[in-house]
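A.B. asks: Everything in the sequence shown is counted per the numbering used here, starting at 3 for the first residue and increasing by one. Ideal Cβ placement from N, Cα and C applies to all residues, glycine included.
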Amino acid sequence: MTTVVRRICFSAGHRVWGHEHECANIHGHNYTVFVHATADRLDEVGRVIDFRVLKRRIGGWIGANWDHAFICHKDDREVREAMAAIPGQKVYLLDANPTAENLAAHLLRVVGPQELAGTGVRLVRVVLWETENCYAEVTA
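1. Short of 7 Å in beta carbon distance, which residues of its chain neighbour Arg59, apart from the five on each side in sequence? Order them along the chain.
2. Which runs of the beta strand (DSSP E) spanning at least 3 residues fall entirely within the segment 3–88, listed in chain order?
3. Per DSSP, what kind of secondary structure is Leu110 in: helix, strand or coil?
4. Just to confirm, is the Cβ distance from Tyr94 to Ile73 under 8 Å?
5. Kindly give me the distance between the Cβ atoms of Val129 and Val50, rounded to whole angstroms, as I take these residues to be in contact under 8 Å.
6. From Phe12, Asp45 and Trp68, pick the residue whose C-alpha is nearest to that of Thr5; which is it?
7. Nearest by alpha-carbon distance to Leu110: which of His75, Phe36, Ala84 and Asn32 is it?
Here's what the structure looks like:
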């Protein structure tokens, strides 16, 4: 199998709803995500996909939805109300807690299939660095 990897950086706020320590507080990170993509065959140029296409499709989705946004669990009423009090605040509601693990899984299982539909390319691995010391990895 041949895979290609695209690095995408974004900044976002979150809180881990129900966390037992500091991450229960509203805070933010400068995330770095590595999306690993493959296809059944290389294109006529000899590529899985042009790196710019990955940037445009996956990075474009991240830019529109997560970059400089607040990502929160859809059931975290307190944060949803706080964010609603800020005019124009960009908020992304996730079906799960916005942990590094769940963000990586969302990119792999929801965003990848949606944004790469029709290309013959699929994400097979997502590595999401939350800090310079901590990351989560999800594979297909």
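C.D. replies: Short version:
1. Correct list, in chain order: Glu117 and Leu118.
2. If we require 3 residues or more, the beta strand (DSSP E) runs fully inside the segment 3–88 come out as 5–16, 29–41 and 71–75.
3. Here Leu110 sits in helix by DSSP.
4. It is a contact, given that the beta carbons lie within the stated cut-off.
5. With a Cβ gap of about 17 Å, Val129 and Val50 do not count as contacting.
6. The option with the nearest alpha carbon to Thr5 is Asp45.
7. Closest option to Leu110, Cα to Cα, is Phe36.
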